[in-house]
Amino acid sequence: MMTIGQNLTQPEGKTLEIEKITGQPGHQPLSLNEQNVLIGDYPKILDFQNLGLTYDDEIYISDSELVECIYLPAFTFIDVVIENLPNLREIHSDEDGPTWLACRNLPKLNTIIVDGSLRWLSVDGAALLQTIDVGKCEHLGYLSVRNAPSLSQVNVEQCRLLPQIDDLSAEHQIQLGVTQQIEAIQSRSKRDSTLYERMTFTDIELVLANISCGEVLLKKQFPQSRGASNSTDESLCDYGYRLLDPGEGVYTGGTGESYCYAFEVTSQGTAQDEDVVSIDYAVGIHEPEDAIGEALSWAASDLALSRDRAPSNDQVLSFINLLLNDPTAAPTCWIRTDDVALRLALAGNPLMPSGALDVLAMDKSSKIRLAVAENPAATVEVRRTLLHELAADVDPEVRLRVAKSAVTAIVDMTALAKDRNVKVLCAVAENPIISSGLRASVLEILSKSDDPSGLLLVAKSPDAPAAVSAFSDLLQCSDQNVIIAIAGNIGMPESERLAALKVLAASEDFNAKWSVASNELTPPPVLDSLAKETNRRLLEAVAKNPATPVLTLQYLAKNNEWSVRCCVAENPSTPPLVLLLLAKDKDDSWGEYIRKSVAGNPAAPVAAFEILVGDNDWQTRASIAGNPAAPKAILELLARDEKYSVRENVAKNPESSIGALEILAKDKNNNLRMYVARHPASSSDILTMLAHDSYDAVRRDVATNKATPDSVLKVLSKEAETQVREAAERSQNRVDS
Numbered sequence: 082m083m084t085i086g087q088n089l090t091q092p093e094g095k096t097l098e099i100e101k102i103t104g105q106p107g108h109q110p111l112s113l114n115e116q117n118v119l120i121g122d123y124p125k126i127l128d129f130q131n132l133g134l135t136y137d138d139e140i141y142i143s144d145s146e147l148v149e150c151i152y153l154p155a156f157t158f159i160d161v162v163i164e165n166l167p168n169l170r171e172i173h174s175d176e177d178g179p180t181w182l183a184c185r186n187l188p189k190l191n192t193i194i195v196d197g198s199l200r201w202l203s204v205d206g207a208a209l210l211q212t213i214d215v216g217k218c219e220h221l222g223y224l225s226v227r228n229a230p231s232l233s234q235v236n237v238e239q240c241r242l243l244p245q246i247d248d249l250s251a252e253h254q255i256q257l258g259v260t261q262q263i264e265a266i267q268s269r270s271k272r273d274s275t276l277y278e279r280m281t282f283t284d285i286e287l288v289l290a291n292i293s294c295g296e297v298l299l300k301k302q303f304p305q306s307r308g309a310s311n312s313t314d315e316s317l318c319d320y321g322y323r324l325l326d327p328g329e330g331v332y333t334g335g336t337g338e339s340y341c342y343a344f345e346v347t348s349q350g351t352a353q354d355e356d357v358v359s360i361d362y363a364v365g366i367h368e369p370e371d372a373i374g375e376a377l378s379w380a381a382s383d384l385a386l387s388r389d390r391a392p393s394n395d396q397v398l399s400f401i402n403l404l405l406n407d408p409t410a411a412p413t414c415w416i417r418t419d420d421v422a423l424r425l426a427l428a429g430n431p432l433m434p435s436g437a438l439d440v441l442a443m444d445k446s447s448k449i450r451l452a453v454a455e456n457p458a459a460t461v462e463v464r465r466t467l468l469h470e471l472a473a474d475v476d477p478e479v480r481l482r483v484a485k486s487a488v489t490a491i492v493d494m495t496a497l498a499k500d501r502n503v504k505v506l507c508a509v510a511e512n513p514i515i516s517s518g519l520r521a522s523v524l525e526i527l528s529k530s531d532d533p534s535g536l537l538l539v540a541k542s543p544d545a546p547a548a549v550s551a552f553s554d555l556l557q558c559s560d561q562n563v564i565i566a567i568a569g570n571i572g573m574p575e576s577e578r579l580a581a582l583k584v585l586a587a588s589e590d591f592n593a594k595w596s597v598a599s600n601e602l603t604p605p606p607v608l609d610s611l612a613k614e615t616n617r618r619l620l621e622a623v624a625k626n627p628a629t630p631v632l633t634l635q636y637l638a639k640n641n642e643w644s645v646r647c648c649v650a651e652n653p654s655t656p657p658l659v660l661l662l663l664a665k666d667k668d669d670s671w672g673e674y675i676r677k678s679v680a681g682n683p684a685a686p687v688a689a690f691e692i693l694v695g696d697n698d699w700q701t702r703a704s705i706a707g708n709p710a711a712p713k714a715i716l717e718l719l720a721r722d723e724k725y726s727v728r729e730n731v732a733k734n735p736e737s738s739i740g741a742l743e744i745l746a747k748d749k750n751n752n753l754r755m756y757v758a759r760h761p762a763s764s765s766d767i768l769t770m771l772a773h774d775s776y777d778a779v780r781r782d783v784a785t786n787k788a789t790p791d792s793v794l795k796v797l798s799k800e801a802e803t804q805v806r807e808a809a810e811r812s813q814n815r816v817d818s
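Take the position in the sequence shown, starting the count at 1, then add 81; the result is the number in our numbering.
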């Protein structure tokens, strides 16, 4: 590999140094403007490792006659556009460099060398370009080269996801050896429709094609499955993935994450006598292999596999391959497979014929018989018989599963309530379906056991007071966690909790003291005594406790530990005057955290909000913005804050005023307008305005808002955009009903 700048002319015996452009008279330092365009005086060698810029996801490098070499180090930009640099000769990038790279109108460009994480590369207008080396970019899925007549060397030897070079003739690709390199790496393909690490695009597409074919067969075998819209749905469901264009968004529910690929589910249909293909589902993914996982998830859904017993992706794919080998096989034939995981999945399938489940009910594996017992498609008689047998199974894990099962209503749990295994007894006690009398008897048994887990369950149970005859024995337990649980159990009589606190208060154990310090039942004198301790975590627990006396909170508000003062600032029982004092905390290192805590406290006085609204720390302002107790005038002021997170909290605040929402309804950020469109306090005027928003998701959220006028819903129900139209129709139906 060439070193940076090796083609550039330099004096003999000297190494080429990166030009320093900051601090020189007449030079403008490089920076990024609001459009992420690099502005300022470019050096001859543009090395981003030495520029000290605050990096964003994307950058545009353009319009400079000076720059001759660009170096993009790791972890800088995701999306890079390099264009209109008439003297640029070399582009280099390290591992974990950009994901997308576009090179346009670079007439003297000679060399492109990129390692690592590149997924998308486009070159257009590089008349002198000779070398493209992306041989180590195994994730590269798209490479386009236009108007590069001098290209003589291309390395793509490890690009396992690259099918070809777009916009370059087949003859030219053969001459450059590209075709041979691609064929060489694709020759590693297994072509057996199995999953493995670092799959080639050949195998990825083969597996997706097989899953798509299997989908059709699955819908015929299980016409009422979750994936099929109805029993007569004959549309072809096709799974695929594609590399996104730079900056292209995929709707993912507002996660804000950037993706390289999209996984899509498409279906064929007809509209006005024309064949059409529609995208039924799309989601962002990071690797094309992830598309297989998504597709198998859909296939498992069509197979109606029990989620808690779902087989692995390999096993689902194996099942699909089995189905493809014999498309006419009935579901009853599939249960003969030797694959235990697949039999287990089929046993839990509510769409399996009862005859097939009868066969599986005799399976040698008790776990498969248990799956049948929990399957609503099995007959009640089969399920009752199996549960009765399995409740006495030698495997405690099986008995444990029966004890946890939601279908125990059809079987007598009396035997399990006398089980010798403590885990099974605990599961019986925690099963919400059993009778209160049976639960009480189990808790009584557990209270007399020596097992810490059983005693702990009793101590935590809200039903324990009515079930356990003597708590004095529990208070003698050597496991202090049991006593801590009694003290924290709000279902316990106050006398029992106070007795537990008394035991814990006499302990020197930190956890015991902490449980006392954080318990709201702890008497004020005990809390005041604990406030004199030196352990920071104990002081924090006292400072957070709403039961801590006012005088004790005033004392702790002056503590030297910033975290203790921070806990006082969070406590809703802290007096307003103390909160006002903490709002002025000027601790150089930690004061912002204390002020932020005051800003989020619903008990903070108006005077504290008035001080903090001008705080330099944006997180403090954001805490005010999210506080339902903040004055409406202050929320309207923060609705214009320069920081997005502050405005976001105003938009989400349930007590935001109409005035604040009106300001945010005109915000340039799409997400903020979405929050306003969802807000229950948004007025008819705001919702009517947002119904004409250019962003689809905003109009969709207007359609889901219960306050949206019927006249607006009527307009939105005629939208061309599917998600908007369907949301409006659902809202109209809700109103009509």
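Using N, Cα and C, we set each Cβ at its ideal position, and we do this for glycine too.
Linking Tyr340 to Leu119 through their CA atoms gives a straight-line distance of about 24 Å. Counting only runs of 4+ residues, the alpha helix (DSSP H) found wholly inside the region 230-311 occupies 251-256, 259-267 and 282-302, in chain order. Between His173 and Tyr141, the C-beta spacing is not below 8 Å. Only buried fits Gln254, as 16 or more other CB atoms lie within 10 angstroms of its CB. With a threshold of 16 other beta carbon atoms within 10 Å, Phe591 falls short and is exposed. Leaving aside the five residues that flank Glu743 on each side, the residues in its chain whose CB is nearer than 7 Å to its CB run, in chain order, Ile767. Sequence-distant partners of Phe690 (beyond 5 residues in either direction) whose C-beta falls short of 7 Å from its own C-beta, in its chain, are Ile705, Ala711, Pro712 and Ile715. In the structure shown, Trp671 adopts coil according to DSSP, grouped into three states.
Per DSSP, the continuous alpha helix (DSSP H) segment holding Asp395 begins and ends at Asn394 to Asn406. Judged by DSSP secondary structure, Ser174 falls within the beta strand (DSSP E) whose first and last residues are Glu171 to Ser174.
The three-state reading of DSSP puts Gly330 in coil, since its state is none of H, G, I, E or B.
In the structure shown, Val346 adopts extended strand secondary structure according to DSSP, grouped into three states. In this chain, the alpha helix (DSSP H) harbouring Thr701 covers Trp699 to Ala706. For Leu153, the enclosing beta strand (DSSP E) begins and ends at Cys150 to Leu153. The Cβ-Cβ distance between Asp138 and Phe158 falls below 8 Å. Buried is the label assigned to Met770, since at least 16 other Cβ atoms lie within 10 Å of its Cβ. Val793 and Trp699 have their C-alpha atoms some 37 Å from each other. Tyr123 and Asp196 have their alpha carbons spaced roughly 24 Å apart. Here DSSP, grouped into helix, strand and coil, assigns Tyr141 to strand. DSSP places Gly681 in the coil class of the three-state scheme, outside both helix and strand.
The beta carbon of Gly572 sits closer than 6 Å to those of Pro543, all from its chain and outside the five residues before and after it, given in chain order. With fewer than three CB-CB distances shorter than 8 Å, the region 318-328 does not count as touching the region 395-404. For Val453, there is no enclosing beta strand (DSSP E); the enclosing alpha helix (DSSP H) has its first and last residue at Ser447 to Ala454. Asp160 is a Cβ neighbour of Trp181, given a cutoff of 8 Å. The C-beta of His773 has fewer than 16 other C-beta atoms within 10 Å across all chains shown, which makes the residue exposed.
If you keep only unbroken beta strand (DSSP E) runs of at least 3 residues inside the region 189-226, you get 192-195, 201-205 and 212-214.
Listed as beta-bridge partners of Val162 by DSSP are Tyr141 and Ala183. Counting only the Cα atoms, Ile739 lies some 9 Å from Glu717. Taking a C-beta distance under 8 Å as the contact criterion, Ala452 and Ser435 do not qualify as a contact pair. Lys795 and Ser763 have their C-alpha atoms roughly 19 Å apart. Using a Cβ distance threshold of 8 Å, Asp361 and Val346 count as a contacting pair. For the pair Ala598 and Tyr636, the CB atoms are not nearer than the 8 Å cut-off.
In the structure shown, the three-state DSSP call for Arg721 is coil.
Distance between Met755 and Pro790, taken at the CA atoms: about 17 Å. Membership of Asp128 in the beta strand (DSSP E) is indicated by the continuous run Ile126 to Asp128. Under the Cβ criterion (8 Å, minimum of three pairs), the region 646-662 counts as touching the region 613-633.
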